[in-house]
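Engineer:
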Amino acid sequence: MDVKHLHSTFFLLLWLNTCPVYIFAADSDKVPDPEIIAAKEVFEENIDSAKKHLLERLETKLEFAQRRGELELVESVVKEIEAFKGKGILPTVVPADGYVTTFERALTQLENAYDQVVRRYVREGLLDDARYLQDEIKKIKALPSNHPTYANAEIVVKSGASSLQNLKNGVRAFSDRSYKWVDIPDDFPFKQFAQVQGEGTKPIHFQVKTPGVVYIALSNEHPTRVTAFIREYEWAPTGFRLNHTAKTGKPVDVFMRNMDAGEYHMPRVNFSGPTLLSP
């Protein structure tokens, strides 16, 4: 075994044995149900296996980049390995869809196991225990560690919109209109936007400097065009929403998409954009 392979193997084993996983919260006052214990063990086994497989793919990518002498790729892979093992941030240099699918399926199976035990407790009249398990699975599902996500992309606007500027209620939404942003919720995670021209026609040219998730804001004005745009470019809804003071009064929804490093030209769809957002 050469030194490089030895290093990779040691790195993998070290991570698997020392990386903390904050999935469950213990309560010493409750005696765990055997079915719940078994379900948690299956969940952890599935996640551990998926993590090991994804990390092995990253290590293979790293060895490939080292053999080719590609410094930038080596640095990118090392950075993504550290982010994945430290914070659970999904990599972009290798496909992570299988890992996400496994995680989601395992979490659904765990939720189903909890549901079965809750129903059994209700039938047995153990209502407090049933409520406790319902609360526990809600907390488990809400843990950030149980929702793997990609890192946010670093973007630079080239043309078709302004450079990123502060986003908050009362800020002018468009470069050629007096309409202002309103109804931005307190927990809105996006702090910057690239101001566009109302009813503009030029595409927005921007660069993704580091790969990750890109966010846009877009109203449903001209629904046919919006639907076609969302479907063609595979934008996914985030559930976040804001508004501006234009007479249309249509809410502006936030969408997301994972994008590789490179330059992009995003067509204009309607009055509100798309408008690029950034956390």
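Residues in the sequence shown are numbered consecutively from 1, following the UniProt record's numbering. Built from N, CA and C at the ideal position, the CB exists for glycine as well. Fair warning: this is a prediction, and the values are worked out from it, not measured in the lab.
As a quick exercise: from Arg105, Ala130, Val93, Phe193, pick the residue whose alpha carbon is nearest that of lysine 141.
Structural biologist: Here residue 141 refers to the residue found at position 141 of the sequence shown. Nearest of Arg105, Ala130, Val93, Phe193 to lysine 141, Cα basis: Arg105.
Engineer: Roughly how many angstroms separate the alpha carbons of tryptophan 181 and isoleucine 230, rounded to a whole number?
Structural biologist: Working through the sequence shown from its first residue, we reach residue 181 at position 181. Working through the sequence shown from its first residue, we reach residue 230 at position 230. Looking at the two C-alpha atoms, the distance is approximately 23 Å.
Engineer: Is the stretch 113–120 touching the stretch 221–229 in the sense that three or more CB pairs, one from each, lie closer than 8 Å?
Structural biologist: no
Engineer: Which same chain residues end up closer than 6 Å to tyrosine 99 when comparing Cβ atoms and leaving out the 5 residues on each side of it in sequence?
Structural biologist: As a first step, residue 99 must be located in the sequence shown, where it is residue number 99. The answer, listed in chain order, is Ala50, Leu54.
Engineer: State yes or no: is the beta carbon of threonine 238 nearer than 8 Å to at least one beta carbon in chain B?
Structural biologist: Within the model displayed, chain B is absent; a lone protein chain is all it includes.
Engineer: Around the Cβ of phenylalanine 64, are there at least 16 other Cβ atoms within 10 angstroms (buried) or fewer (exposed)?
Structural biologist: Within the sequence shown, numbered from 1, the residue matching residue 64 stands at position 64. Counting Cβ neighbours within 10 Å, phenylalanine 64 comes out exposed, since fewer than 16 surround it.
Engineer: What does the alpha-carbon distance come out to for the pair alanine 151 and isoleucine 89?
Structural biologist: In the sequence shown, the residue the question calls residue 151 occupies position 151. In the sequence shown, the residue the question calls residue 89 occupies position 89. Spanning the two alpha carbons is a distance of roughly 6 Å.
Engineer: In the structure shown, what three-state DSSP assignment does isoleucine 230 receive?
Structural biologist: If you number the sequence shown from 1, residue 230 lands on position 230. Helix.
Engineer: Do you know how far the Cα of lysine 52 is from the Cα of leucine 12?
Structural biologist: Position 12 of the sequence shown, counting from 1, holds the residue named residue 12. Position 52 of the sequence shown, counting from 1, holds the residue named residue 52. Low confidence applies here, because leucine 12 scores a pLDDT of 39, under 50, leaving its location unreliable and the question unanswered by this model.
Engineer: For leucine 71, count neighbouring C-beta atoms within 10 Å of its own C-beta (all shown protein chains included) and say buried if the count is 16 or more, exposed if not.
Structural biologist: For this step, residue 71 is matched to residue 71 along the sequence shown. Label assigned to leucine 71: exposed.
Engineer: Check whether the Cβ of lysine 61 lies closer than 7 Å to any heavy atom of the ligand ZN, and answer yes or no.
Structural biologist: Among the ligands in the structure shown, none appear at all, so the ligand ZN cannot be discussed.
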